[in-house]
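*Asks:*
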Amino acid sequence: MTSKQQISALMDGELVDQSLISDIENDAEAQQSWSHYHLIGDTLRGEAPQNMPAWDIAANVAMALDAEPAHSTHNQGLTNVTPMIESQPKPQKARKAMPAWLSNITQIGIAACVSMVVVLGVQQYSGSNSAPTDADQLPVLQTIPFAGSAEPVSLTRDSIRPQSGEAKAMEQHRRINALMQDYELQLRLNHTSE
Numbered sequence: 003m004t005s006k007q008q009i010s011a012l013m014d015g016e017l018v019d020q021s022l023i024s025d026i027e028n029d030a031e032a033q034q035s036w037s038h039y040h041l042i043g044d045t046l047r048g049e050a051p052q053n054m055p056a057w058d059i060a061a062n063v064a065m066a067l068d069a070e071p072a073h074s075t076h077n078q079g080l081t082n083v084t085p086m087i088e089s090q091p092k093p094q095k096a097r098k099a100m101p102a103w104l105s106n107i108t109q110i111g112i113a114a115c116v117s118m119v120v121v122l123g124v125q126q127y128s129g130s131n132s133a134p135t136d137a138d139q140l141p142v143l144q145t146i147p148f149a150g151s152a153e154p155v156s157l158t159r160d161s162i163r164p165q166s167g168e169a170k171a172m173e174q175h176r177r178i179n180a181l182m183q184d185y186e187l188q189l190r191l192n193h194t195s196e
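Residue numbers (the numbering used here): 3 to 196.
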């Protein structure tokens, strides 16, 4: 009896044994493995024979499915499974089912998260003294408009000049106020659309 590993080694040229060759000649299963291995190799190299018998994979899969007990026709009367289809509620219906106080709490939670991110960002931006001094560093250029108006992106001598701590604080307060105004506007727009 020859193993598939021995057949594979013989095909790769690693094992040349006359007794193995004679075993393959006498064993139909080994010959079929030999044929399949050569067909796989030829297909991988793009040298599949043109006169190869067509493999009907779809028919084999259909036969395997028919043989399974869950799909066979003789068990159809035993189990009736009806699919349960759930429909999603429309947003208006879901909003009516949700209490009003829950909507307000979610808005307050979102506002608190935004405020926390802004405060932490300001603290990280202004509180890092471990870096080189402000005169040694170039300012970070903001390319996305923050408050709805476009800001210049170019780097000039005026933008390199260090700002005082008070000017930085005023700029930060201006940006925070613009963010809060935008948030309040969004709240007003959401309430009027309901």
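Built from N, CA and C at the ideal position, the CB exists for glycine as well. Note that the structure is predicted; figures quoted are calculated from it, not measured.
If you compare alpha carbons, which of Cys-115, Glu-16 and Ser-128 is closest to Lys-170?
*Replies:* If we check each option's Cα against that of Lys-170, Ser-128 comes out closest.
*Asks:* Have a look at Gln-52 and Thr-45 and give me their C-alpha separation to the nearest angstrom.
*Replies:* So the two alpha carbons sit approximately 11 Å from each other.
*Asks:* The alpha helix (DSSP H) that contains Gln-7, what's its start and end?
*Replies:* 6-14 is the extent of the alpha helix (DSSP H) around Gln-7.
*Asks:* Using only the alpha-carbon positions, how far apart do Ile-110 and Ala-180 sit?
*Replies:* So the alpha carbons of these two residues sit roughly 18 Å apart.
*Asks:* What is the rounded straight-line gap between the Cα of Ala-2 and the Cα of Gln-125?
*Replies:* There is simply no residue 2 to check, as the chain begins at 3 and stops at 196 in what is shown.
*Asks:* Apart from the five residues on each side of it in sequence, which residues of its chain come closer than 7 Å, Cβ to Cβ, to Ala-32?
*Replies:* Contacts found: Thr-4, Ile-9, Asp-25 and Ile-26.
*Asks:* Buried or exposed for Trp-36, please, with buried defined as at least 16 other CB atoms from any protein chain shown within 10 angstroms of its CB.
*Replies:* Buried: at least 16 other Cβ atoms inside 10 Å.
*Asks:* Kindly indicate which residue of Lys-6, Ser-105 and Tyr-185 has the alpha-carbon position closest to the one of His-38.
*Replies:* Checking every option, the nearest Cα to that of His-38 belongs to Lys-6.
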